[in-house]
Amino acid sequence: MTVLEGLLRLAHPIIPFITETIWQRVKVLCGITADTIMLQPFPQYDASQVDEAALADTEWLKQAIVAVRNIRAEMNIAPGKPLELLLRGCSADAERRVNENRGFLQTLARLESITVLPA
Numbered sequence: 017m018t019v020l021e022g023l024l025r026l027a028h029p030i031i032p033f034i035t036e037t038i039w040q041r042v043k044v045l046c047g048i049t050a051d052t053i054m055l056q057p058f059p060q061y062d063a064s065q066v067d068e069a070a071l072a073d074t075e076w077l078k079q080a081i082v083a084v085r086n087i088r089a090e091m092n093i094a095p096g097k098p099l100e101l102l103l104r105g106c107s108a109d110a111e112r113r114v115n116e117n118r119g120f121l122q123t124l125a126r127l128e129s130i131t132v133l134p135a
């Protein structure tokens, strides 16, 4: 809940009515007694909280989805048509990323299945 509460404070200047409404419910769960999010301090950036591995995995996931979408466009395959993705010659790190993000890949790239073949 702490992350959600921080995100609400971060988004408050942009969408104040929505964040205030949600924050009024979240503050109880976080044990905050203040009356309004408007008077809460703006979140401070803390470099020690950055997860470089998660950032790298997210960037890899984005590039994989873009690659599938580009191949679809180049081959005139309808964006909504489910495809079977076959991967060969993946590094151990890439295979780990595929396995950990299989659901995201299948949904966002509209894949029916993902198969990692031996090199």
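According to this note's numbering, the sequence shown is numbered sequentially starting from 17.
Note that CB positions come from ideal geometry on N, CA and C, so glycine has one too.
1) Under the three-state reduction of DSSP, which class applies to Ile48: helix, strand or coil?
2) Could you tell me the alpha carbon to alpha carbon distance between Ile130 and Leu124, rounded to whole angstroms?
3) Would you list the one or two residues that DSSP bridges to Leu133?
4) Taking the straight line between their C-alpha atoms, what separation do you get for Gln122 and Asp51?
5) Using 8 Å as the cut-off, can you tell me whether the stretch 38-50 makes contact with the stretch 62-79, which would need three or more C-beta pairs spanning the two stretches below that distance?
6) Within 10 Å of its beta-carbon, does Arg113 have 16 or more other beta-carbons around it, so buried, or fewer, so exposed?
7) Name the one or two DSSP bridge partners that Leu127 has.
8) Using the C-alpha atoms, what's the distance from Leu103 back to Pro29?
From the atom records:
1) coil
2) 13 Å
3) Arg104
4) 43 Å
5) no
6) buried
7) Leu99
8) 44 Å
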